[in-house]
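Visitor:
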Amino acid sequence: MEQSKVYFTDLRASDGDNLLDKLQRLIRKAGIGQIDFTDQYVAIKMHFGEPGNLAFLRPNYAKAVADVVKELGGKPFLTDCNTLYVGGRKNALDHIDSAYSNGFVPYVTGCQILIADGLKGTDEELVPVKNGEYVKEAKIGRAVMDADIFISLTHFKGHEAAGFGGTLKNIGMGCGSRAGKMEMHSAGKPHVDQSRCIGCGKCSRICAHGAAVVTDKKASIDHSKCVGCGRCIGVCPKDAVKAASDEANDILNCKIAEYAQAVCQDRPCFHISLVMDVTPNCDCHAENDAAIVPDVGMFASFDPVALDLACADAVNAQPPLRNSVLGESYEQHTHEHRDHFGRVAPETNWKSSIEHAVKIGLGRAEYELVTVK
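Using our numbering, read the sequence shown as starting at 6 and increasing by one per residue.
1) What separation, rounded to the nearest whole angstrom, lies between the Cα atoms of residue 182 and residue 197?
2) When you compare each of 78, 301, 315 to residue 307 by their alpha carbons, which one comes out closest?
3) DSSP state of residue 132, grouped into three classes?
4) So residue 192 and residue 244 are in contact, right, with Cβ under 8 Å, and what is the actual spacing, rounded?
5) In the DSSP assignment, find the unbroken alpha helix (DSSP H) run with residue 270 in it and report its ends.
6) So, for residue 311: in the same chain, excluding its five sequence neighbours on each side, which residues have a beta-carbon less than 6 Å away from its beta-carbon?
7) Taking the alpha carbon of residue 154 as the reference point, which residue from 271, 190, 216 has its own alpha carbon closest?
8) If you follow the alpha helix (DSSP H) that residue 98 is in, where does it begin and where does it stop?
9) Whole angstroms is fine: what's the gap from residue 100's alpha carbon to residue 84's?
10) Starting from the C-beta of residue 93, find all residues in its chain whose C-beta is less than 7 Å away, skip the five residues before and the five after it, and write them out in chain order.
11) To the nearest angstrom, report how far apart residue 208 and residue 218 are at their CA atoms.
12) Between residue 144 and the rest of its own chain, which residues show a CB-CB distance below 7 Å, the 5 nearest in sequence each way excluded?
13) Taking the Cβ atom as the reference point for each residue, do residue 283 and residue 320 lie within a distance shorter than 8 Å?
14) In chain order, what residues of the same chain have a beta carbon less than 6 Å from the beta carbon of residue 157, not counting five sequence neighbours either side?
15) Would you tell me roughly how many angstroms separate the C-alpha atoms of residue 82 and residue 260, rounded to the nearest one?
16) Assess contact between the stretch 58–66 and the stretch 115–127, defined as three or more Cβ pairs (one per stretch) separated by less than 8 Å. Is contact present?
17) In terms of residues, what are the limits of the beta strand (DSSP E) holding residue 187?
18) Pick helix, strand or coil for residue 228, following the three-state DSSP scheme.
19) I'd like the list of long-range same chain contacts for residue 68, defined as Cβ closer than 7 Å, with 5 residues on each side in sequence excluded.
20) Please state the DSSP three-state secondary structure of residue 303.
Written out as structure tokens, the structure reads:
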């Protein structure tokens, strides 16, 4: 069976060399130059880090990738979509402020930031999903879909619902609009936390189906009329409208894979994953726990599925670090168990995303690892 090539370089650097040079050498060797970037808009999808989190990728890595894109004639921009939950990145203004606070200013990165789903997370494009089983039309941030070329730059780490946060999650969940994120997280429809509701009526005015109504200065949502578009979530000024967040983790992973399919299908894509500061939870947390394994290195591939699997295999091959949640788990349960992600979040099954992505034709599970010095 044909294998996908995944390129790898470690994090060793000596005099006259540095990690940014190694990253650029890696992506060139992996074939990024095979893409015609001439006068093309290039979305570089990454996570800017929730304020308070310090495990996100440094902006210097974004600059290294953007510089290569510009050398090849492209017009890069950094992008992400707004979050579904309350935090520092739930609208475009707060999101850009958070990114700037974490160092992602144009003077450092060499390119601009565009929040792909707009001011309130409602600027989306409906994208038919090839071979989609759970999602027929993905709700993707419009700026992501407007780009001619798509590059993912991922911080590979653990995740409390998906098992790990890798390339598929960076693309699938990360490129979903707020309504798209609700669709991935929820089997149900949104509801109103009336303790937070101020009865402003914005949800009622934006609802095209008459599902959101305000009675006695409190909103409610009639689920018999609601179609689950999630626009009420985006416009609520008090974050009173909540997604159900009741989807099973395996189905969540399948939906993430299908959203990633929607983003990547029918255009040139390239993927980079940095396995460092492998924390147990997502960079969406306003804090970060200690890394669970030693830093591994940098990976790149045209195949996002093979890339995720190569990174997962590399992490599982590492010894657990003491004074981490993973190290504590091994100390308490000494029997051999090499699925580090399963130990950290035993209710998850990270393999479900890989298996489903292969099933829908997004990539391969068989890979050849090519080392770049």
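All C-beta atoms in this analysis are idealised placements derived from N, C-alpha and C, irrespective of residue type, glycine included.
Guide: So, from the listed chains and residues:
1) The straight-line gap from Cα to Cα measures roughly 20 Å.
2) Minimum Cα distance to residue 307 is reached at 315.
3) In the three-state reduction of the DSSP assignment, residue 132 falls in the strand class, which pools E and B.
4) At roughly 21 Å, the Cβ-Cβ gap does not stay under 8 Å, so residue 192 and residue 244 are not in contact.
5) Here residue 270 belongs to no alpha helix (DSSP H), and DSSP marks it neither H nor E.
6) Within the same chain, residue 311 has close Cβ partners 9, 11, 368, 369, 372.
7) Measuring from the Cα of residue 154, the nearest candidate turns out to be 271.
8) Run containing residue 98: 97–106, per the alpha helix (DSSP H) assignment.
9) Near 10 Å, if we compare the C-alpha coordinates of residue 84 and residue 100.
10) Once the five neighbours on either side are set aside, the close Cβ partners of residue 93 are 55, 56, 99, 103.
11) Distance between the alpha carbons of residue 208 and residue 218 is about 8 Å.
12) The residues are 129, 131, 181, 182, 184, 185, 188.
13) Yes, these two residues count as a Cβ contact at 8 Å.
14) Contacts found: 50, 172, 175, 176, 276.
15) Between residue 82 and residue 260, the C-alpha separation is close to 26 Å.
16) With contact defined as three or more Cβ pairs closer than 8 Å, the stretch 58–66 and the stretch 115–127 are not in contact.
17) Looking at the DSSP string, residue 187 is not in any beta strand (DSSP E); the run it does join, the alpha helix (DSSP H), is 183–190.
18) DSSP places residue 228 in coil when its eight states are reduced to three.
19) These residues qualify, in order along the chain: 113, 114, 115.
20) It is a strand residue.
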